[in-house]
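Throughout the sequence shown, residue numbering follows this note's numbering, covering 25 to 448 in sequence. Note that CB positions come from ideal geometry on N, CA and C, so glycine has one too. Values in this document were obtained by computation on a predicted structure and should not be read as measured data.
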Amino acid sequence: MAASERGSELRPALSRCIAVPTETFADRYWGREALLSRASELGDGPDGAGDSADAAGFADLFSADAVDELVTRRGVRTPFIRMAKEGSVLPASAYTGSGGFGAEVGDQVASDRVLARFADGATIVLQGLHRLWPPIIDFTRALVGELGHPVQVNAYVTPPGSQGFDPHYDTHDVFVLQISGEKHWRIHEPVHVDPLASQPWSQHREAVARAALDEPAIDAVLRPGDALYLPRGWIHSATAGGDATSVHLTIGMSAYTRADVVQALVARVGESDRLRASLPLGVDFDDVDAFAGIVRETVDALAELLERSDASDAAAALARRFEGDIRPEPLAPLATLEALATLDASSTVRWREALRSRIEVDGDRVRVVGRTTSLSLPIEAEPAVRRLAEGSPVAVGDLPGLDADSALVVARRLVREGFAVASG
């Protein structure tokens, strides 16, 4: 194993992006303040894992060669690629075309067109890398586990001296990881704090433009191995510097908010008799004074409903949403069936990473319930299921509470239904 691979394995995903301890990041920076982390600060890792030679940089995640491979050999289609120049997104026809015989779709990336636009100063944006590029798929899954919020990853590839987008803000938090080349970032504090997805920067275009003329909160050139954290709402623009192409990853984190908690609670309004009641006959919406009484009565009824709610209702609603927003560890169909055919007591199995599921006991059965499937097993399998759900690998023959034959049956069923994977 290469030294860089060994260093990245030792460090949690979040620690690769910040040069402060995780607790400091959570208390001071998350959702509040921008943070610039230099490669020299990230090398040792704030949590003390790995040395600087092993851990610095992000070459194990992405590279300029990876850009060329995606553009030339992976059949990338829109919306997984787009291009922009001087603040404007180019039409897809400027960089895509037909895939040719056997792949007659009209929006596959056309490498010659990408080259022409790129040579003319346009930025390449490779979107959804958390679904396309294996090292980033694994990294993203680990980061989601630490953050507890959904994550997506895009790459921005900018020619020297070019700027892809005008000053703007995002409605999600971001980490910027500089892969190669240099990029000059100018960061300004928000004009609209903590914007929701329904409140894009274009709603505050003039205020954003004025703020971008002020003294920046951060004015820095990012070089390979540097990282930047921006809470949603922080205004930013970036220009590639030096003589080399700039490649950076933007990790977007769609943080759930207290507004989401409110929406989860308010979704239960149908349970209130008072809130289901019709408004008065002949209600006049133009008579604001009269309508104020209806509003007060409605607020009282809503407060009554919320007082009857407990945390489990909102938590369950957001958990279901989270399950839909993330993806568990992918399953390899061919390898899984091959592993099932040779599974024995010496085989190692583990719980599928990032799989949200629950374990329920129902009489003489134990049920494993996932988002799309469930599995019912004899109650004797409960200790084995819970042992696997802890996460660490275990030999089939060492599953607790079961004899050798039963352990093999339980392991096969968990693997076959996608709750566990054979790891060796």
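Go ahead and label residue i buried or exposed: buried means 16 or more other beta carbons lie within 10 angstroms of its beta carbon, across all protein chains shown.
i, result
"residue 115", "exposed"
"residue 310", "exposed"
"residue 86", "buried"
"residue 422", "exposed"
"residue 261", "buried"
"residue 243", "exposed"
"residue 81", "buried"
"residue 365", "exposed"
"residue 275", "buried"
"residue 327", "exposed"
With the cut-off set at 9 Å, would you say residue i and residue j are in Cβ contact?
i, j, result
"residue 149", "residue 164", "no"
"residue 435", "residue 370", "no"
"residue 440", "residue 250", "no"
"residue 151", "residue 99", "no"
"residue 59", "residue 273", "no"
"residue 216", "residue 240", "no"
"residue 269", "residue 88", "yes"
"residue 134", "residue 126", "no"
"residue 337", "residue 288", "yes"
"residue 136", "residue 109", "no"
"residue 169", "residue 37", "yes"
"residue 139", "residue 104", "no"
"residue 113", "residue 179", "no"
Please report the straight-line C-alpha distance between residue i and residue j, rounded to a whole angstrom.
i, j, result
"residue 397", "residue 379", "12 Å"
"residue 233", "residue 392", "53 Å"
"residue 207", "residue 130", "33 Å"
"residue 50", "residue 400", "39 Å"
"residue 414", "residue 158", "25 Å"
"residue 92", "residue 265", "20 Å"
"residue 281", "residue 416", "32 Å"
"residue 348", "residue 190", "32 Å"
"residue 43", "residue 360", "39 Å"
"residue 368", "residue 438", "14 Å"
"residue 166", "residue 175", "10 Å"
"residue 284", "residue 107", "32 Å"
"residue 402", "residue 64", "54 Å"
"residue 26", "residue 442", "In this prediction, residue 26 scores a pLDDT of 38, lower than 50, which makes its location untrustworthy; the coordinate-derived value is nonetheless stated afterwards. Straight-line Cα distance between these residues: approximately 31 Å."
"residue 228", "residue 220", "13 Å"
"residue 235", "residue 41", "27 Å"
"residue 312", "residue 323", "16 Å"
Could you please give the first and the last residue of the uninterrupted alpha helix (DSSP H) stretch that includes residue i?
i, result
"residue 328", "312-332"
"residue 435", "428-440"
"residue 129", "First-last for residue 129: undefined, no H or E at that position."
"residue 176", "No alpha helix (DSSP H) holds residue 176; the beta strand (DSSP E) holding it covers 175-182."
"residue 342", "335-349"
"residue 62", "Taken as a continuous stretch (DSSP letters only), residue 62 belongs to no alpha helix (DSSP H), as it is neither H nor E."
"residue 169", "158-171"
"residue 409", "406-413"
"residue 287", "282-290"
"residue 365", "357-366"
"residue 305", "Per DSSP, residue 305 belongs to no alpha helix (DSSP H) and is neither H nor E."
"residue 96", "88-97"
"residue 241", "Where residue 241 is concerned, there is no enclosing alpha helix (DSSP H), given that its DSSP letter is neither H nor E."
Whole-angstrom Cβ separation of residue i and residue j, contact assumed at under 8 Å?
i, j, result
"residue 187", "residue 247", "Rounded, the Cβ-Cβ distance is 18 Å, inconsistent with contact."
"residue 341", "residue 291", "7 Å"
"residue 162", "residue 254", "With a Cβ gap of about 24 Å, residue 162 and residue 254 do not count as contacting."
"residue 432", "residue 420", "6 Å"
"residue 352", "residue 384", "Not a contact, Cβ separation roughly 19 Å."
"residue 195", "residue 256", "5 Å"
"residue 374", "residue 444", "6 Å"
"residue 404", "residue 425", "6 Å"
"residue 300", "residue 294", "7 Å"
Can you tell me where the beta strand (DSSP E) with residue i in it begins and where it stops?
i, result
"residue 271", "270-277"
"residue 106", "105-109"
"residue 401", "398-402"
"residue 384", "382-386"
"residue 466", "Absent from the structure is residue 466, since the part of the chain shown begins at 25 and ends at 448."
"residue 297", "Where residue 297 is concerned, there is no enclosing beta strand (DSSP E), although the alpha helix (DSSP H) it sits in stretches over 297-300."
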